[in-house]
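This report refers to the structure that appears directly beneath it.
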Amino acid sequence: MSVMAFMLLMLFACRKKYPYHFEDGTPGHGADSAKITVDTSMSSVDRSKFAAARVFPGLVGEQVPRVKGYKLTLDLDYHFVGKTLRISVPPLPQFSTGLYAPPGELMKIEVPSGLRNLSVQIGAWTDNLSNKLNPKRDPVIVSRKKLHPGTNYVRNLYGGPIYILSPRPVENPVDLVFTGPVKSPDFILGETDPAEWWQNLEQSEIPWLELRSPNFIAVVPRDKFLKEHLSDPTKAVQFWNNAVLEDYYKWEGLTRNATDPLDQAPFLPFRAVLDIDISVGYGHSGFPVMFVNDMYWFNSVANYKSIKDLDAWGTFHEFGHNNQQTGIWSWSTLGETTNNLFIYKAAHRIAQERGISQFKFFPDLHGNFSENPMKFVQEGAPGGFDGSNSMIDDPFYRLIPFLQIFVKAQDSTGGGDGFDFMPFLYSRARHAKVPSFNDIDKHDFFYRAICDYSHQDWKFFFKAWGIRISNQAQATIAKRNYPFMTQKIWTYNPLVDTGGTGQFQPYKRSNWSVYDFSTEELTGEGANNGHAINAIDNDINTYWHSSWSNPGGGKLSDGPQWITIDMETPLQVKKFHFVQRQNNSLVRIQQYRLKVSMDGGNWTDLGGPFVLDNSTAEQVLTLPSTMTFQYFKIVPQSDYSGGGTEYVALAEVWVTAP
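Take the sequence shown: its position 600, counted from the start at 1, is 600 in the numbering used here, and no numbers get skipped.
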């Protein structure tokens, strides 16, 4: 009994009491008891944010007619290839409606049955200003809501343009029915009559509108059109529509209905939005690109007089950021450089259209580089192009090698100019099997691309600019047997269209050095003879001589004799050229071996022994196939003294390409 009593005590002691007024399970056994009120009163207006909305983006007059039962047909069938483009910010499937929601008023949107993937966005000003102290408008003024089939209600306390968001393409046109918004005085390229539009704009009380074209849309304020009396924005809208198509999509190798899906253009419009305040900077990239609402940015998208001669650097700059391929080839020091390339493509195109020189449109590089584009590298800036020199670190200065390529390079057929290299580069980046993991990977990718485009080896261009490339990348290109570029295009000045015509001799020995040697004669052959460096001094009357004076050790019987040459950079070699000592036939090399290396540590023996004649003439050794290496070592095996002196000498040695 005591045991049973103890167990009952423990049972009731462990039982936990819960403060619920119903039994275990759900209240009402799962019955729907929630009371939800849906805001469907079209006559009521929430004026709680009217003061803030009056500041920005502005109010809509009560007398402006609201649409009722307005049917809008949208084409939501598109190619979304954002992931395959491998650019920083691809354009997104956001569709304009031409409708504007007045602040605080309820909008009704009727969606066809079966269509469940749409959302609505009210407002264009997507920047969140919560991180700013005393922003000029409320921090968040855009709202989004998922749409379901049937009737939907949505209200935004600040108002703004109405957009439909479609994360997946819809094959057939979609009919949506709107009640409550007003029609926006948008200008649509090819559809809007400028005279009617201007008359409508003067009478409108809607503070914002869109300039629309298939490839470019800008959200701009109505009052600036009136202030500037811009009664016809056709040319400005046409300018940007063409610029996006020609200077971005096509220049990146993207086309409509491409045979290769990776080269399929999205053909979704770029979007620019002017805002009274933005989250960072004076303008910034993203979707949409955001600009401060002032006259510079307004004129850059809406005033053809300002942009016809490319006074729109900032707009090209920010959209350029969206289109950088930073994961494949645009390395870390080019963050504010490769985004600026697109305006030069526009300059090239416009100049061709007008039949004038492209250099009239090349924008100023914001620096004093007119004398010599290589000045700062030639004066020994540490690290070259990727160093810490303040001028070389200037992002505009870093544009120069790209402009040199655009103006001076040609494709392998000679039919395409350097501007055609960009679609080749962008397409190759889209097709890359793996991303680049560091800057050297990106250098290598760019290097291989320009070599394959031109069928020339550009290693000396990269060397001149101090852009490091790996031995592996150089070896890859060497196997393709491309000849070295011989034109010094790294001295070309794209600002004044001068220079870059000099010829470069990649096998010139002025930059070579003696890497090491067994012995050399410092005194016994006179002041200017016997030194190892004489073997590459371009003078057949001087020579390297193995040491015979104190301490000596230069006989072949004393141990191996050799001389190793560093050509400074890997070269493609088919032939070795030798000249024997001119004035003593006994110490000339008879038999020798050759070794080559990429790094000076790991050697490949080319076989032998090879034989040099006892002659003063130039002699040539031709290899069975072209080889690439940076170092070569000559190892004499015997001389012409017949076992007498056992010393060796060599007047000159050099190599040539295939």
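The beta carbon of each residue, even a glycine, is placed where N, CA and C say it ideally should be.
Look at the alpha carbon of residue i and the alpha carbon of residue j, and state the distance between them as a whole number of angstroms.
i	j	result
I217	A124	11 Å
I721	W512	Outside the shown range of the chain (1 to 658) lies residue 721, about which nothing can therefore be said.
P479	L254	In the sequence as displayed, the identity of residue 479 is Lys instead of Pro. Rounded to whole angstroms, K479 to L254 spans 31 Å at the Cα level.
F460	E191	53 Å
N389	Y344	Note that N389 scores 46 on pLDDT, short of 50, meaning its location in the model is unreliable; the coordinates nonetheless yield the value given after this. C-alpha separation (whole angstroms): 25 Å.
D275	E568	55 Å
G281	P401	28 Å
N438	L72	49 Å
Y163	T97	6 Å
D452	K433	17 Å
Q358	I350	8 Å
P609	Q590	9 Å
N128	G320	23 Å
Q472	K305	51 Å
G553	Q637	15 Å
P423	Y248	10 Å
H531	K488	33 Å
D643	K555	Per the sequence shown, the amino acid found at residue 643 is Gly instead of Asp. Their Cα atoms are separated by approximately 10 Å.
G607	F576	14 Å
T337	H348	18 Å
L242	N215	Correcting the residue type first, residue 242 is Asn in the shown sequence and not Leu. Whole-angstrom Cα-Cα distance: 8 Å.
S332	Q410	27 Å
A475	K595	17 Å
P207	I328	43 Å
T126	S143	9 Å
D75	S130	35 Å
A195	E228	16 Å
P224	T84	Per the sequence shown, residue 224 should be read as Lys rather than Pro. Spanning the two alpha carbons is a distance of roughly 39 Å.
S43	L157	15 Å
A381	R509	Caution is warranted here: a pLDDT of 40 is assigned to A381, below 50, making its placement in the model unreliable, and no coordinate value can be reported.
Assign residue i to buried or exposed, taking buried as 16 or more other Cβ atoms, counted over all protein chains shown, within 10 Å of its Cβ.
i	result
D77	exposed
E379	Residue placement at E379 cannot be trusted, given a pLDDT of 41 that sits under 50; the coordinates are not used to answer.
M295	exposed
D444	buried
R54	exposed
T413	exposed
A429	buried
Q352	exposed
L133	exposed
Q505	exposed
F316	buried
K442	buried
D260	exposed
Answer yes or no: do residue i and residue j have a C-beta to C-beta separation smaller than 9 Å?
i	j	result
W548	F517	no
F291	A265	no
Q561	V635	yes
P269	G160	no
Y640	R593	no
G600	Y647	no
T542	N528	yes
I109	F178	yes
Q94	L165	yes
V154	P102	no
V64	E205	yes
F362	L262	no
L571	A651	no
W313	N293	no
S300	D309	no
R212	V174	no
D420	V407	no
Y507	W654	yes
Taking residue i and residue j to be in contact with their CB atoms under 8 Å, please state how far apart those CB atoms are, rounded to whole angstroms.
i	j	result
E202	L226	7 Å
S700	N550	A question about residue 700 goes unanswered here, because the residues of the chain that appear run from 1 up to 658.
Q456	P483	6 Å
D46	G104	4 Å
R116	H79	Between H79 and R116 the Cβ distance is about 21 Å, and since that is not below 8 Å, they are no contact.
E252	Y426	4 Å
M485	W465	Actually they do not touch by this definition, with Cβ atoms about 13 Å apart.
S285	N322	5 Å
Segments of 3+ residues assigned as beta strand (DSSP E) that fall wholly inside the region 501-531
513-517
Enumerate, from N- to C-terminal direction, the unbroken beta strand (DSSP E) stretches of 3 or more residues contained entirely within the region 180-265.
208-212, 216-221
Ordered list of alpha helix (DSSP H) runs contained in the region 295-364, each at least 4 residues:
295-302, 304-307, 313-322, 341-354
Extract the residue ranges of the beta strand (DSSP E) inside the region 28-93, only unbroken runs of 3 or more that lie entirely within it.
70-74
Taking only runs of the alpha helix (DSSP H) that begin and end inside the region 473-502, which ones reach a length of at least 4 residues, in chain order?
none
What ranges does the alpha helix (DSSP H) occupy inside the region 108-165, keeping only unbroken runs of at least 4 residues that lie completely in it?
none
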